[in-house]
Amino acid sequence: MIKVDHIWKSFNNQTVLKDISVEFKKGKTNLIIGQSGSGKTVLLKSIVGLLDIDKGEVKYDDVVYSKLDFRKKKEIRKKIGMLFQGSALFDSSTVEENVIYPLNMFTNMSYEEKRERANFCLNRVNILNANHLYPSEISGGMQKRVAIARAIALNPEYLFCDEPDSGLDPITTLRINNLIKEITDEFNTITIVNTHDMNSVMEFGEKIIFIHMGQKWWEGTNKDILHSENEKLNDFVFANHMAKRLKQIKRI
Amino acid sequence: MQFFYHFGRYFILLTKVFSKPEKSKIYYNQTLKELISLGVNSIGIVIIISVFTGAVITLQTAYNTENPFYPRYLIGLMARDTIILEFSSTMVGLILAGKIGSSIASEIGTMRITEQIDALEIMGVNSASYLILPKIIASVLFNPLLTMISIAIGVFGGWIAGTVTGVVSSEDYIYGIQFAFIPFYVTYALIKTVFYAFIITSVSSYYGYFVRGGALEVGRSSTKAVVYSCILILLSDVILTQLLLS
Chain A
206 MIKVDHIWKS FNNQTVLKDI SVEFKKGKTN LIIGQSGSGK TVLLKSIVGL LDIDKGEVKY
266 DDVVYSKLDF RKKKEIRKKI GMLFQGSALF DSSTVEENVI YPLNMFTNMS YEEKRERANF
326 CLNRVNILNA NHLYPSEISG GMQKRVAIAR AIALNPEYLF CDEPDSGLDP ITTLRINNLI
386 KEITDEFNTI TIVNTHDMNS VMEFGEKIIF IHMGQKWWEG TNKDILHSEN EKLNDFVFAN
446 HMAKRLKQIK RI
Chain B
67 MQFFYHFGRY FILLTKVFSK PEKSKIYYNQ TLKELISLGV NSIGIVIIIS VFTGAVITLQ
127 TAYNTENPFY PRYLIGLMAR DTIILEFSST MVGLILAGKI GSSIASEIGT MRITEQIDAL
187 EIMGVNSASY LILPKIIASV LFNPLLTMIS IAIGVFGGWI AGTVTGVVSS EDYIYGIQFA
247 FIPFYVTYAL IKTVFYAFII TSVSSYYGYF VRGGALEVGR SSTKAVVYSC ILILLSDVIL
307 TQLLLS
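One line per chain: the protein sequences are A and B, in this order.
Sequential numbering from 206 applies to the first sequence in the numbering used here.
Sequential numbering from 67 applies to the second sequence in the numbering used here.
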């Protein structure tokens, strides 16, 4: 379980996260939603430890992760897989080298074993015959899938995805979302996804946190959204006229 | 205040850089890659610059010492000492600051803005050490070799220019470059080179590692890396000369 306990974060006297507390459970796909600039990415980066929080605690199982030094954090980080908004693939390495990288760094596998594992992960995300291509030679959707393959190479216990659907068409977005859901079920990970894609919210939001102006404004499931009276949440999720009408019809 | 901020952050970065590597074999392979990228790939520019500068130093010396009281072998001697004492260490250091420094700052800076450094950190890799340490080791090991190459080629360039233009005979030049030779000058040049290599790689890495923003900021940090490396090279030149030759 990951427990976020009353965390605060500011940059240059501007408070970005205000007293956020939330729990994420194993085998669940958790979504953090909110407008651009609401603090979603800061929250995600604070949970993984890329940003130091000002107040509060982040616990991974019973370990207070946010207070560990780099060396101790490293042990937990080996269990984390993360998909970044821009994929963050190593651009001077091939697709295969990208997936092999964490295996090189943290395992004593033979070269053949590492290649086998990399191919397994690449096959798992449906990347075929692209092992020797560079990230710049593949599409945005493929880059995201390679990044997922790299993230699962070490069998992570925690999977973080920062806007996995940004810049992708609706069909590719759906494929990536399904893949994240499948991996969560298969690897029994705690998955936390930052998104403002409403298809993702409705499709696989087992737990949803709505962040507004740095605060946790609402928490629930995708089914709860339809019945929510929370004005800010409704304005965000059902932003256009058609979506508002659909919600009204659904409620009737 | 800004100075102290950067100074402190630079030293904190260095403590991260010199902490125990995760896996020595990976660092060894990275160092070999950097030896080629930062060292071997700089041989060409060092040769070109050294041969022409050696030639110019010889011609300048010859035209400024056109006096029957000065022996002609003095041209070889002065060219040799200028090349060893200042040109091959400091001038080549400044040139490498431009070539290597900008490349390091933009490489690491691009990795920062495209979240590749964050990806390394999330995997549990000490990104500062993984990215910077191999560059420092490669430069500190290889740059003295570049300096030796530069000295040899510079002296050779002076011989070609001197004999082709006829300002000094081959015998006088060769006698001059052997006359009153102080081997410590070479040691002095190599010590300076090691310091410069460290300055170029660490300062450039610092500016790349902490870049924030986009492509424009990467460009700016690359320029800053070169400018501050050059200033620090010249400053350390003064200090090292006073310490080693006084």
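Glycine included, C-beta positions come from ideal geometry on N, C-alpha and C.
All values derive from a computational prediction rather than experimental measurement.
Provide the residue(s) that pair with residue i in DSSP beta bridges, ordered along the chain.
i                 : result
Lys-485 (chain A) : In the structure as shown, chain A starts at 206 and stops at 457, and residue 485 (chain A) therefore has no counterpart that could be examined.
Thr-396 (chain A) : A:Thr-234, A:Leu-364
Val-209 (chain A) : A:Val-227, A:Val-263
Lys-421 (chain A) : A:Ile-416
Ser-215 (chain A) : A:Thr-220
Val-406 (chain A) : Answer is none; Val-406 (chain A) lacks a bridge partner.
Val-269 (chain A) : A:Lys-264
Ile-299 (chain B) : DSSP lists no partner for Ile-299 (chain B).
Ile-285 (chain A) : A:Tyr-363
Check the C-beta distance from residue i over to residue j and give it rounded, since I have them as a contact under 8 Å.
i                 : j                 : result
Asp-238 (chain B) : Tyr-139 (chain B) : 4 Å
Phe-354 (chain A) : Ile-332 (chain A) : A small fix is needed here, since residue 354 (chain A) is Ala in this sequence, not Phe. Yes, they are in contact, since the Cβ atoms of Ala-354 (chain A) and Ile-332 (chain A) sit about 6 Å apart, within 8 Å.
Gly-239 (chain A) : Lys-245 (chain A) : 5 Å
Ile-217 (chain B) : Ile-150 (chain B) : 6 Å
Pro-340 (chain A) : Thr-394 (chain A) : Not quite, the Cβ-Cβ distance comes to about 24 Å (not below 8 Å), so this is no contact.
Leu-236 (chain A) : Ile-413 (chain A) : 5 Å
Val-112 (chain B) : Ile-215 (chain B) : 6 Å
Ala-128 (chain B) : Gly-274 (chain B) : Rounded, the Cβ-Cβ distance is 44 Å, inconsistent with contact.
Phe-311 (chain A) : Ile-357 (chain A) : Between Ile-357 (chain A) and Phe-311 (chain A) the Cβ distance is about 14 Å, and since that is not below 8 Å, they are no contact.
Leu-79 (chain B)  : Tyr-262 (chain B) : So it is not a contact: roughly 19 Å between Cβ atoms.
Thr-156 (chain B) : Ile-299 (chain B) : 7 Å
Phe-135 (chain B) : Gly-223 (chain B) : That belief does not hold up - the Cβ atoms of Phe-135 (chain B) and Gly-223 (chain B) are roughly 27 Å apart, past 8 Å.
Val-233 (chain B) : Ile-123 (chain B) : Not really, about 12 Å apart at Cβ, beyond 8 Å.
Asn-435 (chain A) : Trp-423 (chain A) : 5 Å
Glu-387 (chain A) : Lys-233 (chain A) : Wrong, their Cβ atoms sit about 14 Å apart, outside the cutoff.
Asn-300 (chain A) : Ala-335 (chain A) : With the sequence shown as reference, residue 300 (chain A) is identified as Val, and Asn is not the correct amino acid for it. Indeed, because the Cβ distance is near 5 Å, the residues count as touching under 8 Å.
Gly-159 (chain B) : Val-277 (chain B) : Incorrect: roughly 24 Å between the Cβ atoms, too far for contact.
Ser-116 (chain B) : Ile-219 (chain B) : 4 Å
Gly-74 (chain B)  : Ile-179 (chain B) : Not really, about 23 Å apart at Cβ, beyond 8 Å.
Below 7 Å on C-beta distance, what does residue i contact in chain A?
i                 : result
Asp-184 (chain B) : Leu-255, Phe-289, Ala-293
Glu-100 (chain B) : Chain A residues near Glu-100 (chain B): none, gap ~13 Å exceeds 7 Å.
Ile-78 (chain B)  : Here the premise fails: no neighbours, minimum Cβ distance about 12 Å.
Ile-92 (chain B)  : Asn-309, Met-310
For residue i, decide whether its Cβ has a neighbour in chain B, counting only Cβ atoms nearer than 7 Å.
i                 : result
Ile-430 (chain A) : no
Lys-283 (chain A) : yes
Lys-214 (chain A) : no
Lys-192 (chain A) : Not covered by the structure: residue 192 (chain A). The range shown for chain A is 206 to 457.
Lys-277 (chain A) : no
Run through chain B and tell me which residues come within less than 8 Å of residue i, C-beta to C-beta.
i                 : result
Pro-544 (chain A) : Outside the shown range of chain A, which is 206 to 457, sits residue 544 (chain A), and nothing can be said about it.
Lys-386 (chain A) : Correct list: empty, because the minimum Cβ distance to chain B is about 21 Å.
Identify the contact partners of residue i in chain A, using a Cβ-Cβ distance below 8 Å as the criterion.
i                 : result
Val-191 (chain B) : Met-310
Lys-165 (chain B) : Going along chain A, no residue has its Cβ under 8 Å from Lys-165 (chain B), so there is no contact; the nearest lies around 18 Å.
Thr-180 (chain B) : Gly-291, Ala-293, Asp-296
Find the residues of chain B that neighbour residue i, judging by a C-beta separation of less than 9 Å, and give them in chain order.
i                 : result
Pro-307 (chain A) : Met-189, Gly-190, Val-191
Give a yes or no on whether the minimum CB-CB distance between residue i and chain A is below 7 Å.
i                 : result
Tyr-283 (chain B) : Sequence inspection shows Glu at residue 283 (chain B); the Tyr mentioned does not correspond to that position. Output row for Glu-283 (chain B): interface = no.
Glu-132 (chain B) : no
Applying a beta-carbon distance threshold of less than 7 Å, which residues of chain B neighbour residue i?
i                 : result
Lys-319 (chain A) : Per Cβ cutoff of 7 Å: no residues; Lys-319 (chain A) is ~13 Å from chain B at best.
Listing by chain order, which chain A residues have their CB less than 9 Å from the CB of residue i?
i                : result
Lys-89 (chain B) : Asn-309, Met-310, Phe-311
Under 8 Å, with one C-beta from each stretch per pair, do the segment 189-206 of chain B and the segment 302-311 of chain A reach the 3-pair mark?
yes
Do the segment 149-167 of chain B and the segment 95-112 of chain B touch if we need at least three Cβ pairs shorter than 8 Å?
In short, these stretches touch, since the Cβ pair count reaches three.
Does the segment 414-433 of chain A come close enough to the segment 266-274 of chain A that 3 or more CB-CB pairs lie under 8 Å?
no
Decide if the segment 204-213 of chain B is in contact with the segment 255-269 of chain B; the criterion is three or more beta carbon pairs, one per stretch, under 8 Å apart.
Contact holds: three or more Cβ-Cβ distances are below 8 Å.
Would you check if the segment 388-403 of chain A and the segment 269-281 of chain A touch, i.e. whether three or more CB-CB distances between them fall below 8 Å?
no
Stretch pair the segment 369-376 of chain A + the segment 206-217 of chain A: three plus CB contacts closer than 8 Å:
no
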